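Asks: Keeping their order, the protein sequence lines are chains A and B.
If you use the working numbering, the first sequence corresponds to residues 1 to 308, in order.
If you use the working numbering, the second sequence corresponds to residues 1001 to 1325, in order.
All C-beta atoms in this analysis are idealised placements derived from N, C-alpha and C, irrespective of residue type, glycine included.
This one's a predicted model, so the numbers in the text were calculated from it and none came from an experiment.
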Amino acid sequence: MRLRRKRIPRELPTLGFLTVLCLAFSLANKNFATAANLRTLGADAATTCILAVGMTAVILTGGIDLSVAAVLSLATLAAASLMAKGLTAQGLVASALVGAGCGFFNGVLITRIFMPPIIATLGTMYVFQSAAALASGGQCIVLEHNPIAFLGKGFVPLLVLLGTTLFAAGVLQYTRVGRYIYAVGGCEESTRLSGIDPNVIKILVYTANGLLAALGGIVMLGIGSTFQANDAQGYELAAIAAVVIGGTSINGGQGSVLGTLLGIAITTVLRNGAILAGLEARWAQAIVGLAIFLAVAVDKIRREDTTR
Amino acid sequence: MKRFLHRSLSVKELPVALLLCGVCAYFSASEPRFADLNGLMDVARQYSTHALLAVSLTLIIASGGIDISVGSVVGLCAVVLASLLSRTNVGISTACALSLAVGTFCGLCNGAAIARLGLQPVVVTLSMMATARGLAYVIAGPGVSTISLPSRAHLLVTIGYESNVPVLIALIWAAAAYAVLSQSSFGRYVLAIGGNEQAARLSGIDVSRTKIIVYCAAGAVAGLGGILTAAMMSTATTDAGLGYEFEAITAVLMGGTSIFGGEATVLGSLLGVATAAALNRGFGLMGINDLWRMMCLGLILIGAVAMETSRRRVLTSLGSHFGTP
């Protein structure tokens, strides 16, 4: 019985739910299943999906990162202000450095000072967000000649989204570091005893998460051509929601980036479909909140099922 | 020397007391208006909601949990109160009671999910944070972000804005929590659960009942905070209470309550809230951008927890000579 259950992929129920959701919306509104709407969905989801990919790795190690949206703001402001002066390459490098630096700082707080991830990143969230708002003076940076506008054209956001997801899925599934990430989340003590330093893996994961936040910000800048410090407010919640809805266990060690992709698809389709169906956008946050709870409860029940 | 080190490291409130003195001394030296009694009472009134939340969070963190939804629950309860008063003709006391009930229900949901279903406090309260804030938007209605209290609620506004009742309420809740933590068996249960949940369960403590009561109390008190916030501003905004959980958690942790549970100090949490309030007033008077204050609080939070982890390590290494505190 246990073996047979193991063969059912964790993502199957989520995929089923997504299919039903898409079918229902396509039947209810003929504007839903169109190429134009798919482009809109891709642009809507690109940034949160990239954040969610990084968050998946963080949650797989048993951690959490509340500061990603703040890191995104800080990194993207650095990029936008340099790009406004015509320094495109420097802007990209600065954004990557800021993102990786902030992520590294989180990792150090968590592994070297032994802070619980939620508290460490709650603190850095406010530090980074205030720093971003102070540095920009609350001003909106507008790129009149956006050198990365191609990132926002047509299906490009969707391709970037899929590319990042597949790359991360490959790393997690087929590389040594990827397997170590699962190992750290599964049982940190046995990982240490097998000669792998969990702290190195964790610092790596938080740094990668910061780097992905920077990438998410670049995509956002490509699509919007403008950036303001509080543009990404609440994105960390959307990312965590997608990861948890996608079936990744909040206790770490179990889950996948493909599940997260499904989670992103569900939250995006729900929001988009609800608006197309005439429901108001203000329901979105309450629905996302309830969805997080349901997903965690389902995960708990499933774990009790398999350990029985 | 070792004994002295051990003693001073065991006084949990010492760092926050020093910090508060330092902050106050700095601001009164550089800004003569800082020490004005009326102004200080004003900021105390403003921070009474934070104090209420910080005291409930002290209990929750002592039990080894965390609640990041309290700020959103404050917002939800404020919006519920304001829309009941301005859109229906229920009485003030009924509206307050309903608003308190909403807060208690949010706390009950948190507690039940954590204690009965065994889910992680972080995610449960994260989900409540999004849900309660979302419900506040839904109740406020499309495009509405501010609901004013009608003139018939002037009694509430007078109490909240002109009297010292909010401060008094916060102090009463703090005294109650202090008494419960140090004098009652329930308080010892809370600390025991935070120290070692498995051991607490094996010694016959009803862990899930204790936890549910603690989260319920936090929800009810957040409801009270919502009423006070609405009364103080004579309006409720859908953003009411945004970030309060951050200031309250920072106050609790800089006060000396251990993030790992099992140790708590209500007095320390109050001193922490006072420090946050002093920063607010000082920065406000000196005309410094509020963002600097948020950044300071973030750094204090990180510093406080870093200090706690190193304090624990030093105490453990000294513990073999002098016994654990």
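#1: Please identify the residue among B:1316, B:1287 and B:1251 whose C-alpha is closest to the C-alpha of residue 1298 of chain B.
#2: Taking 8 Å as the CB-CB cut-off, is residue 1321 of chain B touching chain A?
#3: Straight-line CA distance for residue 1049 of chain B to residue 1242 of chain B?
#4: How is residue 1227 of chain B classed by DSSP in three states: helix, strand or coil?
#5: Let me make sure I understand the geometry here. Which of B:1112, B:1067, B:1079 and B:1205 has the alpha-carbon closest to that of residue 1126 of chain B?
#6: Say whether chain B places a C-beta atom closer than 8 Å to the C-beta of residue 126 of chain A.
#7: Could you tell me the distance, in whole angstroms, from the CA atom of residue 1323 of chain B to the CA atom of residue 1306 of chain B?
#8: Just by C-beta distance, which residues in the region 1091-1120 of chain B are closer than 8 Å to chain A?
#9: Which stretch, first to last residue, makes up the alpha helix (DSSP H) that contains residue 311 of chain A?
#10: Note the first and the last residue of the continuous beta strand (DSSP E) segment covering residue 1236 of chain B.
#11: Closer than 8 Å, CB to CB, is residue 198 of chain A near chain B or not?
#12: Could you give the C-beta distance for residue 1265 of chain B and residue 1013 of chain B, rounded to a whole number, given that I count them as a contact under 8 Å?
#13: Using the DSSP secondary-structure output, state which residues sit across from residue 1073 of chain B in a beta bridge.
#14: So for residue 142 of chain A, helix, strand or coil by DSSP?
#15: Where does residue 1236 of chain B land, buried or exposed, given buried means 16+ other C-beta within 10 angstroms?
#16: Between residue 1017 of chain B and the rest of its own chain, which residues show a CB-CB distance below 7 Å, the 5 nearest in sequence each way excluded?
#17: Is the beta carbon of residue 1261 of chain B closer than 8 Å to that of residue 1099 of chain B?
#18: Where residue 1137 of chain B and residue 288 of chain A are concerned, what is the direct C-alpha to C-alpha distance, given to the nearest angstrom?
#19: By the DSSP assignment, the alpha helix (DSSP H) with residue 1048 of chain B in it spans what residues?
#20: Shortest alpha-carbon distance to residue 1129 of chain B belongs to which of B:1144, B:1296, B:1059 and B:1106?
#21: Which same chain residues end up closer than 7 Å to residue 1296 of chain B when comparing Cβ atoms and leaving out the 5 residues on each side of it in sequence?
#22: Who pairs with residue 1146 of chain B in a beta bridge, going by DSSP?
#23: For residue 1206 of chain B and residue 206 of chain A, what's the separation of their Cα atoms in angstroms?
#24: Quick check on DSSP: helix, strand or coil for residue 1088 of chain B?
#25: Counting only the same chain and skipping the five closest in sequence on each side, list residues whose C-beta sits under 7 Å from that of residue 295 of chain A.
#26: Rounded to whole angstroms, what's the CA-CA distance from residue 1116 of chain B to residue 302 of chain A? Just pull it up for me.
#27: For residue 226 of chain A, which residues does DSSP report across the bridge?
#28: How is the alpha helix (DSSP H) around residue 90 of chain A delimited, first residue to last?
#29: List, in chain order, every chain B residue whose beta-carbon is nearer than 8 Å to that of residue 233 of chain A.
#30: Identify the contact partners of residue 1246 of chain B in chain A, using a Cβ-Cβ distance below 7 Å as the criterion.
#31: Identify the contact partners of residue 264 of chain A in chain D, using a Cβ-Cβ distance below 9 Å as the criterion.
#32: Residues in its own chain within less than 7 Å of residue 1325 of chain B by CB, not counting five upstream and five downstream?
#33: Let me know if residue 198 of chain A comes out buried or exposed under the rule of 16 or more other beta-carbons within 10 Å of its beta-carbon.
#34: Given that residue 297 of chain A touches chain B, what residues does it touch there, using C-beta distances under 8 Å?
#35: If you count every other CB in all the chains shown that lies within 10 Å of the CB of residue 48 of chain A, and 16 or more means buried, which is it?
#36: Check the Cβ of residue 1130 of chain B against every Cβ in chain A and list those closer than 8 Å, keeping chain order.
Replies: Per the coordinate set shown:
#1: B:1251
#2: Low confidence applies to residue 1321 of chain B: its pLDDT is 49, below 50, so where it sits in the model is not reliable, and the reading given next is rough at best. No - not a single Cβ of chain A is within 8 Å of the one on residue 1321 of chain B.
#3: The straight-line gap separating the alpha-carbon atoms of residue 1049 of chain B and residue 1242 of chain B is approximately 12 Å.
#4: helix
#5: B:1067
#6: yes
#7: Reliability fails at residue 1323 of chain B, whose pLDDT of 43 lies under 50, so the model's placement of it is uncertain and no value is given.
#8: Only those residues of the region 1091-1120 of chain B whose C-beta falls short of 8 Å from the nearest C-beta of chain A are listed: 1113, 1117, 1118, 1119 and 1120.
#9: There is no way to answer for residue 311 of chain A, as the model of chain A reaches only from 1 to 308.
#10: 1235-1237
#11: no
#12: 6 Å
#13: Partner(s): none; residue 1073 of chain B has no beta bridge.
#14: Residue 142 of chain A: strand per DSSP, three-state reduction.
#15: So residue 1236 of chain B ends up on the buried side.
#16: 1271
#17: no
#18: 13 Å
#19: 1048-1062
#20: Of the candidates B:1144, B:1296, B:1059 and B:1106, the one whose C-alpha sits nearest the C-alpha of residue 1129 of chain B is B:1106.
#21: Result list for residue 1296 of chain B: 1279, in chain order.
#22: Residue 1146 of chain B is bridged by DSSP to B:1237.
#23: When rounded, the distance between both Cα atoms is 38 Å.
#24: Coil, per DSSP.
#25: Closer than 7 Å at the Cβ level, and outside the excluded window around residue 295 of chain A, lie 244 and 245.
#26: 16 Å
#27: DSSP lists A:142 as partners of residue 226 of chain A.
#28: 88-111
#29: Residues of chain B passing the Cβ test: none, with the nearest at roughly 10 Å.
#30: Going along chain A in sequence order, the residues near residue 1246 of chain B (Cβ under 7 Å) are 122 and 126.
#31: Among the protein chains in the structure shown, which are A and B, there is no chain D.
#32: Its pLDDT being 41, under 50, residue 1325 of chain B is placed unreliably by the model, and nothing is read from it.
#33: buried
#34: 1113, 1117 and 1119
#35: buried
#36: Residues of chain A with a Cβ closer than 8 Å to the Cβ of residue 1130 of chain B are, in chain order, 237, 241, 285, 286, 288, 289 and 292.
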